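What follows is one structure encoded as structure tokens, with my remarks underneath.
Numbering (the working numbering), first residue to last: 148 to 227.
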């Protein structure tokens with residue numbers, strides 16, 4: 148794989164993966180979006196809890212301090 152092939156590629160990671168990791172490219176192309184979704188989920192819940200704590204200290208409206216009865220998640224912060 149040369150420099151011209153990489154520059155001509157729209158997705159460099161897939162081009163590199165096809166050249167180096169040929170049999171596992173399909174598995175990696177499925178695992179990468181799953182990792183991105185897990186990261187987005189963690190960021191969503193973390194930001195919602197920060198919003199909840201901010202409401203407990205009075206920095207944002209008090210409605211964001213509410214949590215779900217059974218799941219104990221900050222629902223107003225998640226919907227924000």
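For each residue, glycine too, the CB sits at the ideal point set by N, CA and C. For clarity, every value in this text was computed on a predicted model and none was experimentally measured.
Would you please state the rounded distance, in angstroms, between the beta carbons of residue i and residue j? I believe it to be under 8 angstroms.
i: residue 195; j: residue 225; result: 4 angstroms
i: residue 227; j: residue 198; result: 6 angstroms
Please return the same chain residues whose Cβ sits closer than 8 angstroms to the Cβ of residue i, not counting the five positions on each side in sequence.
i: residue 168; result: 175
i: residue 228; result: Nothing about residue 228 can be read from this structure; the chain reaches only from 148 to 227.
Return the chain-ordered list of same chain residues with a C-beta closer than 6 angstroms to the C-beta of residue i, the five sequence neighbours on each side being excluded.
i: residue 202; result: 209, 211, 212
Excluding sequence positions up to five away, which residues of its chain have a Cβ less than 7 angstroms from the Cβ of residue i?
i: residue 215; result: 222
i: residue 218; result: none
i: residue 152; result: 162
i: residue 205; result: none
i: residue 159; result: 153
For the alpha helix (DSSP H) holding residue i, just list the boundary residues, first then last.
i: residue 165; result: 159 to 167
i: residue 209; result: Looking at the DSSP string, residue 209 is not in any alpha helix (DSSP H), and its letter there is neither H nor E.
i: residue 218; result: Here residue 218 belongs to no alpha helix (DSSP H), and DSSP marks it neither H nor E.
i: residue 180; result: 172 to 203
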